[in-house]
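Enquirer: In UniProt numbering, the protein residues as written are 1 to 321.
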Amino acid sequence: MKLLRYLFYRLLQMFPIALFIVVINFALIHMAPGDVSILLAGEGADPEYMEQVRERYGLNLPLYQQLGAYIGQLLQGDLGLSFRTREPVIGIIAERIPATLLLAGTALVLASVLGVAIGAVMARRPGSALDTAVTTLSISLFSIPVFWLGLMLILLFAVTLRWLPSSGMASIAGPREGIGYALDVARHMVLPVLSLAAIWLGQYVRLSRAAVSETLAEPYVTTARAIGFPERRVMTRFALRNAMLPIVTVLGLELGLLLTGAVLTETVFSWPGLGRLIYEAILSRDTPVIMGAFLIMSFTVMLAALLTDLVYAALDPRVRL
């Protein structure tokens with residue numbers, strides 16, 4: 001009952017936040033320079049036709065009326081129609097989300113698992129040559145721009161060595177079902193996953209090393225060792241579990257940004273995900289698609305924050321919902 005009550009109150013708190021996000025999202029998009037009607041009607045269009053276009057899309061209405069109409073659409077679960085394709089925005093976004101989740105989710109799992117494991121091992125060997133090398137490498141990975149790393153991986157593995165494909169999610173002439181299709185998609189995932197995971201890996205290695213090092217210095221860890229607990233049990237039951245709180249914080253933020261964190265990577269590798277869709281929508285000034293994508297990404301961050309709080313309470317009994 002306490003958990004259900006907490007969830008109820010948190011969901012109530014999300015309503016004003018969601019409304020604020022909708023208003024800010026709408027205002028920022030409409031404050032951008034340029035006239036959308038010119039893009040819809042075409043350069044040099046007849047003024048009378050331009051006015052018809054504005055009237056058709058409601059662009060001739062005052063801004064507050066456009067906002068009211070947009071909120072009314074959202075309450076009905078309607079994100080509008082794309083200016084470019086005239087298809088429902090919610091359907092366009094739904095088609096792209098699986099590709100983004102596949103790419104960013106794989107990279108996040110790979111980076112977090114390897115990063116936490118490497119950081120925990122390095123925390124037991126502070127100041128060693130290996131610790132110094134791993135620390136330097138992790139800082140370097142975290143500092144590298146993701147688009148530059150992606151381009152370098154393409155240059156090395158796709159252009160020079162010709163081992164892996166450079167773009168897309170699947171080969172044009174490749175299989176479209178079965179194990180052959182899965183293997184083809186896996187080959188296309190290697191480079192974008194590596195470029196995205198490498199940036200996150202450096203972050204998790206540094207965070208895990210610092211958190212585990214701090215936990216290993218706590219008195220209860222010393223007491224556990226004095227009692228005679230095996231070192232592996234000391235690490236897994238006492239040190240690593242209590243060191244997971246700051247890691248869960250960052251992981252929750254990354255989970256909330258899962259749909260947004262691959263915009264540059266998807267653009268570099270022409271990956272047909274949500275990030276690529278946002279890039280294309282910005283170039284074509286497809287306002288409904290931009291607002292719909294930003295709205296869904298904002299709600300994802302809110303839900304990830306709620307999930308992070310619940311995981312906090314499960315890991316540390318001292319945290320009260």
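We put the beta carbon where it would ideally sit given N, CA and C, even for glycine. As the structure is a computational prediction, the values presented were derived from the model and not from experiment.
Using the rule of at least 16 other Cβ atoms within 10 Å of the residue's Cβ for burial, across every protein chain shown, is A111 buried or exposed?
Expert: With 16 or more other Cβ atoms within 10 Å, it is buried.
Enquirer: Please report the distance separating the alpha-carbon of S284 from that of L183.
Expert: A straight-line Cα-Cα distance of about 34 angstroms links S284 and L183.
Enquirer: So, helix, strand or coil for residue 331, using DSSP?
Expert: Shown here, the chain extends from 1 to 321; a query on residue 331 therefore has no answer.
Enquirer: Taking 7 angstroms as the cut-off, decide whether the C-beta atoms of T100 and A262 are in contact.
Expert: yes
Enquirer: So, helix, strand or coil for P88, using DSSP?
Expert: strand
Enquirer: Is P288 closer than 7 angstroms to G72 when the C-beta atoms are compared?
Expert: no
Enquirer: Just checking my contact of G150 with F294 at CB under 8 angstroms: how many whole Å lie between their CB atoms?
Expert: Not confirmed; about 23 angstroms, so no contact.
Enquirer: Buried or exposed, going by whether 16 or more other CB atoms sit within 10 Å of the CB of I92?
Expert: buried
Enquirer: Compute the beta-carbon to beta-carbon distance between S208 and A120, rounded to the nearest angstrom, for a pair I have assumed lies under 8 angstroms.
Expert: 6 angstroms
Enquirer: I need the boundaries of the alpha helix (DSSP H) containing M200, first residue and last residue.
Expert: A small correction: the amino acid at residue 200 is Trp; Met does not occupy that position in the sequence shown. 178-216 is the extent of the alpha helix (DSSP H) around W200.
Enquirer: Residues in the same chain with beta-carbon distance under 7 angstroms from Q66, minus the five sequence neighbours each way, listed in chain order, please.
Expert: G58
Enquirer: Would DSSP call L81 helix, strand or coil?
Expert: strand
Enquirer: Quick one: any contact between the stretch 1-16 and the stretch 274-281, if contact means 3 or more CB pairs under 8 angstroms?
Expert: With the cut-off at 8 angstroms, the stretch 1-16 and the stretch 274-281 do not touch.
Enquirer: According to the Cβ coordinates, are L196 and L153 closer than 7 angstroms?
Expert: no
Enquirer: For the putative contact between I29 and I290, defined by C-beta atoms under 8 angstroms, what is the C-beta separation to the nearest angstrom?
Expert: 6 angstroms
Enquirer: Quick check on Q52: does DSSP put it in helix, strand or coil?
Expert: helix
Enquirer: Given 8 angstroms as the limit, is there contact between the stretch 132-151 and the stretch 229-241, that is, 3 or more CB pairs closer than that?
Expert: Taking 8 angstroms as the limit for Cβ pairs, the verdict is that the stretch 229-241 does not touch the stretch 132-151.
Enquirer: Buried or exposed for W271, going by 16 or more other Cβ atoms inside 10 Å?
Expert: buried
Enquirer: Taking only three categories from DSSP, how would you classify A41?
Expert: DSSP places A41 in helix when its eight states are reduced to three.
Enquirer: Between I118 and S298, is the Cβ-Cβ spacing less than 7 angstroms?
Expert: no
Enquirer: I139 lies in the alpha helix (DSSP H); which residues open and close that run?
Expert: 129-143
Enquirer: In the DSSP assignment, the alpha helix (DSSP H) including V268 goes from what residue to what residue?
Expert: 263-268
Enquirer: So what does DSSP say about L242, is it helix, strand or coil?
Expert: Strictly speaking, residue 242 in this sequence is Asn, with Leu absent from that position. Note: N242 maps to helix in three-state DSSP.
Enquirer: Looking at P246 and A211, is the spacing between their C-beta atoms short of 7 angstroms?
Expert: yes
Enquirer: Rounded to the nearest angstrom, how far is the Cβ of A173 from that of P165, given a contact under 8 angstroms?
Expert: Wrong, their Cβ atoms sit about 12 angstroms apart, outside the cutoff.
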